[in-house]
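Sequences listed follow chains A and B, in order. Going by the numbering used here, the first residue of the first sequence is number 25, and it counts up by one from there. Going by the numbering used here, the first residue of the second sequence is number 25, and it counts up by one from there. Before any comments, here is the structure.
2 protein chains.
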Amino acid sequence: MDNELLLLGLLRLESMHGYQLNEFLDKRLGFLTDLKHSTAYYLLNKLEEKGFITKDVEREGNRPERYVYELTPAGRDRFHDLLAANLREAHMPDYNTDIGLLFIDAVPAEDLREALEEKRAGLAEMLETIRVYVDEHPAGSPARYALRHNIAHFEVELSWLDEILEELNSQHIIRGDIFSCIQTNEETA
Amino acid sequence: MDNELLLLGLLRLESMHGYQLNEFLDKRLGFLTDLKHSTAYYLLNKLEEKGFITKDVEREGNRPERYVYELTPAGRDRFHDLLAANLREAHMPDYNTDIGLLFIDAVPAEDLREALEEKRAGLAEMLETIRVYVDEHPAGSPARYALRHNIAHFEVELSWLDEILEELNSQHIIRGDIFSCIQTNEETA
DNA sequence: CGATTCATGTAACGGGTTACATGATTCG
DNA sequence: CGAATCATGTAACCCGTTACATGAATCG
């Protein structure tokens, strides 16, 4: 759904052909999406079938033909619906990362430290590449909001890792395994 | 992969049958996974095919038959590999949420405020249910680490939303649209 | 006796990725 | 001339979800 929103949102301001969209996504929105080329083409076809966009054939010089997509009124409605849903919904911060954490008692302290240091280095590197971009975007622009949001999460991640690493270095020992999890009366829907 | 890790990690300490595993996941690990019953059964079969676990038929009284799974040595190796990978790899904090943020210039300020307030309320509620559990887990236990990690991310999310809401309330206007994104020389792999 | 629990699955679908296919054109 | 760019896709697969199916046993 979010990918659909992304495509509609781009076409809302400017009609584009698939290749052009993919270029934009790669080169200018690389910091907030990984949408693959084939996925984009696939989605464009689907959106056209559903009547949210229309396809126009175009050709520039002797280059291959290209299909320029334009938002329809129905597409504009769809965009607003998806946008409202995205802004309204609270969604869980990803917790799959923490699955490994549950089993740290199975890893020798030295290996654990090494692994987490590596993770930390990777995160720090990602953060640095993002930091460079944030200042290049105009203050108050949506992109800058998104980038700062991202940075905030990277920072928690890093300080979180630092906390664990510090405890590891101070001989702090992890007590208990996964079975020390207590019963949580999770309401079943 | 993370789900596989989770199942292997549970079976590492105790052989279990599918239903029992699912119960444990629902009632005691609900705060860090959403793994569905059918997915768990499917994964168990796959893990058995691959030789990471063995299946034993068991029956208690007149209850339906059940299949008790036990980790094999190959499974133990697999567990350690997946765990090492999980602990080592740096993975991007989810950015799909931010796609909506890119288009906030398309929403009237009042609607935007309302939507974000709703998101905020949802997040705050989730956070409260988690907070209750954290104190009930023994200090230094893996589960507590995971819970606190989760809480930290919820907190950034909330203060992040508060920041935006504050700017909205102080008549701060968002300038520029998605096309104000600059070119980021993302290295193509 | 009806609902819930115990226990295991299958079928269809959804969303996305990877790898592959195609073919002209322009660049070095 | 070979490589990269322009331009669009298909096929196979992967991981996971939803909805459905089954059937005995126990609970209230």
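Quick reminder that beta carbons are idealized off the backbone N, C-alpha and C, glycines included.
Closer than 6 Å to a non-hydrogen atom of the ligand GTP - does that hold for the CB of residue i?
| i | result |
| --- | --- |
| A:R83 | For the structure depicted, the ligand GTP is absent and the ligand set is empty, with no information on it obtainable. |
Enumerate in chain order the residues of its own chain whose CB-to-CB distance from residue i is below 8 Å, with the five nearest sequence positions on each side excluded.
| i | result |
| --- | --- |
| A:A213 | In this prediction, A:A213 has a pLDDT of 34, which is less than 50 and means its spatial position is unreliable; what the coordinates show is noted afterwards. Nothing meets the Cβ criterion. |
| A:L67 | N27, E28, L31 |
| A:F178 | L147, M150, L151, I154 |
| B:L182 | R144, L147, A148, L151 |
| B:Y157 | F55, L171 |
| B:L37 | none |
| B:H104 | none |
Would a C-beta distance cut-off of 7 Å place residue i and residue j closer than the cut-off?
| i | j | result |
| --- | --- | --- |
| B:S39 | B:V92 | yes |
| B:H161 | B:R168 | yes |
| B:L189 | B:L140 | yes |
| B:I198 | A:G33 | no |
| A:L49 | A:L59 | yes |
| B:G99 | B:F76 | yes |
| A:L95 | A:L35 | yes |
| B:V180 | A:A133 | no |
| B:D118 | A:D118 | yes |
If I'm right that residue i touches residue j with Cβ under 8 Å, what's the distance once you round it to whole angstroms?
| i | j | result |
| --- | --- | --- |
| A:F127 | B:T208 | In fact, because the Cβ distance is near 36 Å, the residues do not count as touching under 8 Å. |
Would you list the one or two residues that DSSP bridges to residue i?
| i | result |
| --- | --- |
| B:D80 | B:V92 |
| A:M40 | A:Y93 |
Considering only residues of the same chain and omitting the five flanking positions on each side of residue i, which have a CB-CB separation below 7 Å?
| i | result |
| --- | --- |
| B:K79 | E72, Y91, Y93 |
| A:G200 | none |
| B:L107 | L29 |
| A:P97 | none |
| A:E211 | Because A:E211 carries a pLDDT of 47, less than 50, the predicted location of this residue cannot be relied on, and no value is offered for it. |
| A:H61 | N46 |
| B:K70 | none |
Skipping 5 residues on each side, what residues in its chain have a beta carbon closer than 6 Å to that of residue i?
| i | result |
| --- | --- |
| B:P137 | The residue asked about is misnamed: residue 137 of chain B is Arg in this sequence, not Pro. Cβ neighbours of B:R137 beyond the five flanking positions: L192. |
| B:I202 | L126 |
| B:R83 | E89 |
| B:Y65 | G42 |
| B:R87 | none |
Please name the residue, chosen from the options, that lies closest to residue i on a Cα-to-Cα basis.
| i | options | result |
| --- | --- | --- |
| A:R102 | B:E113, B:A130, B:Y119 | B:A130 |
| B:A109 | A:A114, A:N120, A:H115 | A:N120 |
| A:H115 | B:Y65, B:S62, B:E142 | B:E142 |
| A:L53 | B:I123, B:D105, B:E113, B:H61 | B:I123 |
| A:I206 | B:H104, B:K70, B:R87, B:P166 | B:P166 |
| B:L185 | A:R87, A:K74, A:E113, A:T63 | A:E113 |
| B:T63 | B:E187, B:H104, B:M25 | B:M25 |
| A:T57 | A:D105, A:G85, A:S194, A:N174 | A:N174 |
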